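See structure below.
Protein chains: 2
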Amino acid sequence: MSTDEPTTGETSTDSKCGASTSDGAEASTDAGADASTETGTESACGASTTDTDETTSKCGASSSTGSSSSGCGASSSDDEQAVGSTVEDFDADPGRLLAVGLGPGQPEGMTSRAKAALSEAEHIVGYTTYVDLLPDEITESADDIYDTPMCGEVSRTEEAIDRALAGNDVAIIGSGDPNVYALAGLALEILESKGGTASMVDFEVVPGVPAAQSCGARLGAPLVNDTVSVSLSDHLTPMPTIESRLHAVAGEGFTIAIYNPWSRKRRENFQKCCEILLEHRPADTPVGIVHGAGREDEQVEIVDLGELPDLGETDLIDMTTTILVGNEDTYVWDGRMVTPRGYESKYDY
Amino acid sequence: MSTDEPTTGETSTDSKCGASTSDGAEASTDAGADASTETGTESACGASTTDTDETTSKCGASSSTGSSSSGCGASSSDDEQAVGSTVEDFDADPGRLLAVGLGPGQPEGMTSRAKAALSEAEHIVGYTTYVDLLPDEITESADDIYDTPMCGEVSRTEEAIDRALAGNDVAIIGSGDPNVYALAGLALEILESKGGTASMVDFEVVPGVPAAQSCGARLGAPLVNDTVSVSLSDHLTPMPTIESRLHAVAGEGFTIAIYNPWSRKRRENFQKCCEILLEHRPADTPVGIVHGAGREDEQVEIVDLGELPDLGETDLIDMTTTILVGNEDTYVWDGRMVTPRGYESKYDY
Chain A
1 MSTDEPTTGE TSTDSKCGAS TSDGAEASTD AGADASTETG TESACGASTT
51 DTDETTSKCG ASSSTGSSSS GCGASSSDDE QAVGSTVEDF DADPGRLLAV
101 GLGPGQPEGM TSRAKAALSE AEHIVGYTTY VDLLPDEITE SADDIYDTPM
151 CGEVSRTEEA IDRALAGNDV AIIGSGDPNV YALAGLALEI LESKGGTASM
201 VDFEVVPGVP AAQSCGARLG APLVNDTVSV SLSDHLTPMP TIESRLHAVA
251 GEGFTIAIYN PWSRKRRENF QKCCEILLEH RPADTPVGIV HGAGREDEQV
301 EIVDLGELPD LGETDLIDMT TTILVGNEDT YVWDGRMVTP RGYESKYDY
Chain B
350 MSTDEPTTGE TSTDSKCGAS TSDGAEASTD AGADASTETG TESACGASTT
400 DTDETTSKCG ASSSTGSSSS GCGASSSDDE QAVGSTVEDF DADPGRLLAV
450 GLGPGQPEGM TSRAKAALSE AEHIVGYTTY VDLLPDEITE SADDIYDTPM
500 CGEVSRTEEA IDRALAGNDV AIIGSGDPNV YALAGLALEI LESKGGTASM
550 VDFEVVPGVP AAQSCGARLG APLVNDTVSV SLSDHLTPMP TIESRLHAVA
600 GEGFTIAIYN PWSRKRRENF QKCCEILLEH RPADTPVGIV HGAGREDEQV
650 EIVDLGELPD LGETDLIDMT TTILVGNEDT YVWDGRMVTP RGYESKYDY
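Residue numbers (this note's numbering), protein chains in the order written: chain A, 1 to 349; chain B, 350 to 698.
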């Protein structure tokens with residue numbers, strides 16, 4: 001299996017974000033929504049740190065420090081124009097806002113369209129881990145890079161929008177696809193809350209390869225039939241809702257891609273998920289596990305569903321893991337997971 | 350909205366495949382599994398047409414005609430080695446087999462990894478529509494292109510495998526992702542039936558952007574929460590199973606990506622699907638419809654669920670259409686579909 005994807009999500013370690021407390025750790029394995037341990041208040045973590053006025057930056061609101069620096073870790077201060085500015089606060093003609101999915105994360109997993117979009121962007125905004133994965137020619141061609149380490153997609157997205165409203169062409173990036181547990185929706189919601197419109201900034205989503213597909217490719221062909229994706233993070237979706245969804249789909253023949261399967265703060269969600277799956281599916285159902293796809297610590301394992309509960313406390317399963325649960329027809333052959341689509345019932349081969 | 354994806358699937362017009370009858374039209378909107386109107390018998394449609402021995406081709410079994418030609422449309426004949434050859438029939442060392450997802454279809458939607466894989470492949474096998482979309486530098490660098498128009502992924506996949514077993518490095522292509530209603534599984538199943546193994550041909554899947562993501566990007570942010578994909582084709586999955594799955598997920602808060610929504614042969618599946626959705630969701634639920642994404646006849650519409658049943662008989666919905674059904678929180682704003690992820694309940698913005 002080749003290496004092309006750093007699936008990501010909330011780390012299970014302590015937040016590196018120094019601002020305020022982190023009671024609700026949101027996570028995601030796909031684009032942009034990396035690992036927010038951001039609080040619900042105006043933590044301004046990473047936003048509006050206002051150290052220098054960037055050379056060519058047209059930031060009408062706050063301006064950031066230069067590339068690879070950010071105020072993450074420091075409490076908010078010196079905000080000339082704090083997060084929360086509205087469209088009224090900007091007097092320039094708005095620029096452009098693209099939500100760009102990097103796919104697996106490594107440059108080889110990006111689409112040509114994503115590369116072109118990033119090459120044309122004046123400002124690139126994203127989680128440090130992904131910014132670091134961008135090819136040099138892209139980061140060097142940007143006027144400014146705004147990256148924050150593990151500090152929350154809400155403030156970062158807000159910063160991206162402020163920059164676009166201030167007249168810059170901005171790309172906000174994330175791994176996977178902007179539509180999979182990621183920031184395409186958040187960008188539109190914040191834009192609306194600021195009194196802006198999507199049209200005003202020519203908002204566009206540049207799709208990428210989601211983690212389910214990147215991980216599925218590593219496992220063989222686990223997902224070729226009807227499939228569902230479920231996140232076990234109950235930060236934004238109540239656990240009873242997640243449980244109800246798991247019951248509903250486990251009882252049907254869906255293959256199931258599980259995002260954000262485990263973190264220290266909600267290990268019981270993973271155990272509950274395993275219980276529900278085992279209520280509906282035999283213990284020998286194949287389950288594919290991809291940990292840290294594309295990273296140095298990548299691991300790809302195929303196990304039986306019955307073994308899954310015991311793996312929750314191992315290094316194999318954390319927020320960088322995507323789990324693909326087979327259906328009643330899925331089998332393992334030559335180290336690959338295969339979910340037949342049903343051709344064998346119609347064709348001779 | 351930009352144009353980058355020819356979603357595909359079975360055409361609703363008559364089969365162009367002259368071989369035998371076509372009682373079960375299988376379709377797909379993603380990689381490779383384009384539009385099989387292939388029969389269950391050894392139609393050999395497109396396979397083993399054996400016109401010429403390709404120059405550098407190491408085809409130990411049948412060899413094909415050159416690029417952009419195929420036997421599709423003719424009945425099978427002159428098969429020196431018909432579809433059905435096993436690993437025993439090949440005396441060369443096996444080559445390599447990659448299942449490559451092109452993503453949206455246009456070159457700009459391909460990943461760098463997919464481009465590199467195709468540039469290195471000796472033989473490229475695929476549905477003519479996708480082969481035609483490949484950049485010239487890729488098709489020109491291949492020793493042989495084997496493409497068939499609308500003639501079935503089973504025989505085409507078998508041909509690809511025979512070529513790999515005969516010692517060639519083969520890439521079999523399709524739009525979207527090889528794991529989404531597509532040929533990654535079929536390739537492994539056929540390989541097994543021939544007595545081969547995945548390891549023998551270094552089988553690898555190169556993922557691509559699925560149609561749900563390409564179409565989601567066009568619509569804004571319809572899919573940022575738990576999502577399910579369901580195909581309405583009952584060629585390989587019985588309709589009662591499809592109905593049961595639709596009931597299960599429509600009753601929960603999943604956003605739903607509907608693949609293969611309509612064809613002339615099963616228009617009642619679409620109507621049944623609409624009925625089920627309307628049993629569980631309000632008539633004003635937003636529904637995004639993307640027809641012929643990336644094609645000249647692309648149309649993007651956002652309608653209410655209550656309007657959907659009447660659209661089945663229009664040009665908007667056919668096998669080149671992907672339909673994205675919102676959940677109870679989805680709304681339309683500034684021409685975009687937005688499914689909130691729940692941030693607004695936790696954050697001030």
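Here a beta-carbon is modelled for each residue, glycine too, at the ideal position from N, C-alpha and C.
Predicted, not measured: the structure shown is a model, and the values here were computed from it.
Next on the checklist: For chain A, check one thing: does any of its Cβ atoms lie closer than 8 Å to the Cβ of Ala384(B)?
Outcome noted: Within the second sequence, numbered from 1, the residue matching residue 384(B) stands at position 35. Low confidence applies here, because Ala384(B) scores a pLDDT of 35, under 50, leaving its location unreliable and the question unanswered by this model.
Item to check | Beta-carbon proximity list for Leu572(B), same chain, < 6 Å, skipping 5 on both sides | outcome: As a first step, residue 572(B) is located in the second sequence; it is residue number 223 there, counting from the start. Closer than 6 Å at the Cβ level, and outside the excluded window around Leu572(B), lie Gly565, Thr604.
Checklist entry - Does the beta carbon of Lys695(B) come closer than 8 Å to any beta carbon on chain A? => result One-based indexing of the second sequence puts residue 695(B) at position 346. Judged by the 8 Å Cβ criterion, Lys695(B) is in contact with chain A.
Checklist entry - Should Gly174(A) and Leu102(A) be called a contact, given that it needs their Cβ atoms to be closer than 8 Å? => result Residue 174(A) sits at position 174 when you count from the first residue of the first sequence. Residue 102(A) sits at position 102 when you count from the first residue of the first sequence. Yes, the pair counts as a contact, with Cβ atoms nearer than the cut-off.
Next on the checklist: Using only the alpha-carbon positions, how far apart do Arg218(A) and Trp262(A) sit?
Outcome noted: Here the question's residue 218(A) lines up with position 218 in the first sequence. Here the question's residue 262(A) lines up with position 262 in the first sequence. Taking the straight line joining both Cα atoms gives about 21 Å.
Checklist entry - Can you pull the DSSP bridge partners for Ile258(A)? => result The residue labelled residue 258(A) in the question sits at position 258 within the first sequence. Per DSSP, Val230(A), Ile323(A).
Item to check | Three-state secondary structure (DSSP) of Val180(A) | outcome: For the purposes of this step, residue 180(A) is identified with residue 180 of the first sequence, where counting begins at 1. The answer is coil: DSSP assigns Val180(A) none of H, G, I, E or B.
Item to check | Cβ-based neighbour list, Glu677(B), same chain, cut-off 8 Å, excluding 5 preceding and 5 following | outcome: Taking the second sequence and counting its residues from 1, the one referred to as residue 677(B) is at position 328. The answer, listed in chain order, is Gly602, Arg630, Pro631, Thr634.
Next on the checklist: Please report the straight-line C-alpha distance between Thr590(B) and Leu134(A), rounded to a whole angstrom.
Outcome noted: By one-based count along the second sequence, residue 590(B) stands at place 241. By one-based count along the first sequence, residue 134(A) stands at place 134. Just so you know, the alpha carbons of Thr590(B) and Leu134(A) end up roughly 44 Å apart.
Checklist entry - Using the beta-carbon count (16 or more within 10 Å), is Arg264(A) buried or exposed? => result Locating residue 264(A) in the first sequence gives position 264, where the first residue counts as 1. Residue environment for Arg264(A): exposed (fewer than 16 other C-beta atoms within 10 angstroms of its C-beta).
Next on the checklist: For Lys272(A) and Glu243(A), which I take to be in contact (beta-carbon distance under 8 Å), what is that distance rounded to the nearest angstrom?
Outcome noted: Locating residue 272(A) in the first sequence gives position 272, where the first residue counts as 1. Locating residue 243(A) in the first sequence gives position 243, where the first residue counts as 1. The pair is a contact, with the Cβ atoms about 6 Å apart (cut-off 8 Å).
Checklist entry - In chain A, which residues lie with their C-beta within 8 Å of the C-beta of Gln648(B)? => result Counting from 1 along the second sequence, the entry for residue 648(B) is found at position 299. Per Cβ cutoff of 8 Å: no residues; Gln648(B) is ~18 Å from chain A at best.
Checklist entry - To the nearest angstrom, how far is it from the Cα of Arg512(B) to the Cα of Ile539(B)? => result Position 163 of the second sequence, counted from the start, is the residue given in the question as residue 512(B). Position 190 of the second sequence, counted from the start, is the residue given in the question as residue 539(B). Roughly 13 Å separates the two Cα atoms.
Item to check | Interface partners of Ser461(B) on chain A, CB under 7 Å | outcome: The residue given as residue 461(B) occupies position 112 in the second sequence. What Ser461(B) touches in chain A: Pro107, Glu108, Met110.
Item to check | Per-residue burial, Pro178(A) [other beta carbons within 10 Å of its own, 16 or more giving buried] | outcome: For the purposes of this step, residue 178(A) is identified with residue 178 of the first sequence, where counting begins at 1. Answer is buried; the Cβ neighbour count reaches 16.
Checklist entry - So what does DSSP say about Ala470(B), is it helix, strand or coil? => result If you number the second sequence from 1, residue 470(B) lands on position 121. Three-state result, Ala470(B): coil.
Item to check | Which of helix, strand or coil DSSP assigns to Gly216(A) | outcome: Locating residue 216(A) in the first sequence gives position 216, counting from the first residue. Of the three classes helix, strand and coil, the one that applies to Gly216(A) here is helix, per DSSP.
Checklist entry - Measuring CB to CB, does Tyr608(B) end up less than 8 Å from Tyr530(B)? => result For the purposes of this step, residue 608(B) is taken as residue 259 along the second sequence, with counting starting at 1. For the purposes of this step, residue 530(B) is taken as residue 181 along the second sequence, with counting starting at 1. Cβ atoms of Tyr608(B) and Tyr530(B): closer than 8 Å.
Checklist entry - When you compare only the Cα positions, how much space is there between Ser77(A) and Ile145(A)? => result Numbered from its first residue, the first sequence carries residue 77(A) at position 77. Numbered from its first residue, the first sequence carries residue 145(A) at position 145. In this predicted model, Ser77(A) has a pLDDT of only 34, less than 50, meaning its place in the structure is not dependable; the value taken from the coordinates is given anyway. Answer to the nearest angstrom: the Cα atoms are 20 Å apart.
Next on the checklist: Along the chain, where does the beta strand (DSSP E) containing Leu447(B) start, and where does it finish?
Outcome noted: Taking the first residue of the second sequence as 1, we reach residue 447(B) at position 98. Counting along the chain, the beta strand (DSSP E) containing Leu447(B) begins and ends at 445 to 450.
Item to check | Local conformation of Gly126(A) per DSSP, three classes | outcome: Translated into positions along the first sequence, residue 126(A) becomes position 126. In this structure, Gly126(A) counts as strand in the three-state DSSP scheme.
Checklist entry - For a contact meaning CB atoms closer than 7 Å, what does Val154(A) contact in chain B? => result Taking the first sequence and counting its residues from 1, one reaches residue 154(A) at position 154. Those are Tyr692, Tyr696, Tyr698, listed as they occur along chain B.
Item to check | C-beta atoms of Asn618(B) and Leu665(B) nearer than 8 Å | outcome: By one-based count along the second sequence, residue 618(B) stands at place 269. By one-based count along the second sequence, residue 665(B) stands at place 316. No, Cβ-Cβ distance for Asn618(B) and Leu665(B) is not below 8 Å.
Next on the checklist: Short of 7 Å in beta carbon distance, which residues of its chain neighbour Thr688(B), apart from the five on each side in sequence? Order them along the chain.
Outcome noted: Locating residue 688(B) in the second sequence gives position 339, where the first residue counts as 1. Correct list, in chain order: Ala570, Pro571, Leu572, Val573, Asn574, Thr604, Gly675, Asn676, Asp678, Thr679.
Checklist entry - DSSP state of Gln620(B), grouped into three classes? => result Taking the first residue of the second sequence as position 1, residue 620(B) is located at position 271. Gln620(B): helix per DSSP, three-state reduction.
Checklist entry - Are the region 81 to 100 of chain A and the region 200 to 212 of chain A in contact at 8 Å, needing three or more beta carbon pairs? => result yes
Next on the checklist: Between which residues of its own chain and Ile625(B) is the CB-CB distance below 8 Å, once the five residues before and five after are set aside?
Outcome noted: Along the second sequence, read from residue 1 onward, the residue named residue 625(B) stands at position 276. The answer, listed in chain order, is Glu592, Leu595, His596, Ala599.
Next on the checklist: Determine, for Gln213(A), whether the minimum Cβ-Cβ distance to residues of chain B falls below 8 Å.
Outcome noted: Counting from one through the first sequence, the residue named residue 213(A) turns up at place 213. Yes, Gln213(A) counts as interfacial toward chain B.
Checklist entry - Which of the three DSSP states, helix, strand or coil, is assigned to Pro635(B)? => result Taking the second sequence and counting its residues from 1, one reaches residue 635(B) at position 286. Three-state DSSP puts Pro635(B) in a strand.
Checklist entry - In or out: Ser578(B) buried (at least 16 other Cβ within 10 Å) or exposed? => result Within the second sequence, numbered from 1, the residue matching residue 578(B) stands at position 229. Here Ser578(B) is buried: its Cβ has 16 or more other Cβ atoms, across all protein chains shown, within 10 Å.
Item to check | Short-range partners of chain B found in the region 317 to 342 of chain A, where Cβ spacing is below 8 Å | outcome: Trp333, Asp334, Gly335, Arg336, Val338, Thr339, Pro340, Arg341, Gly342
Checklist entry - Are the C-beta of Leu572(B) and some C-beta of chain A separated by less than 8 Å? => result Within the second sequence, numbered from 1, the residue matching residue 572(B) stands at position 223. Interface residue, yes.
Next on the checklist: Quick check: the Cα distance between Thr148(A) and Asp169(A), rounded to an integer number of angstroms?
Outcome noted: As a position in the first sequence, residue 148(A) is number 148, starting the count at 1. As a position in the first sequence, residue 169(A) is number 169, starting the count at 1. Computed Cα separation, rounded: 19 Å.
Item to check | Coil, strand or helix - Tyr343(A) by DSSP | outcome: Stepping through the first sequence from its first residue, residue 343(A) is reached at position 343. In this structure, Tyr343(A) counts as helix in the three-state DSSP scheme.
Checklist entry - Got a sec? Which residues, its chain only, sit under 8 Å from Asp683(B) by beta carbon, not counting five neighbours each side? => result Translated into positions along the second sequence, residue 683(B) becomes position 334. Hits under 8 Å: none found.
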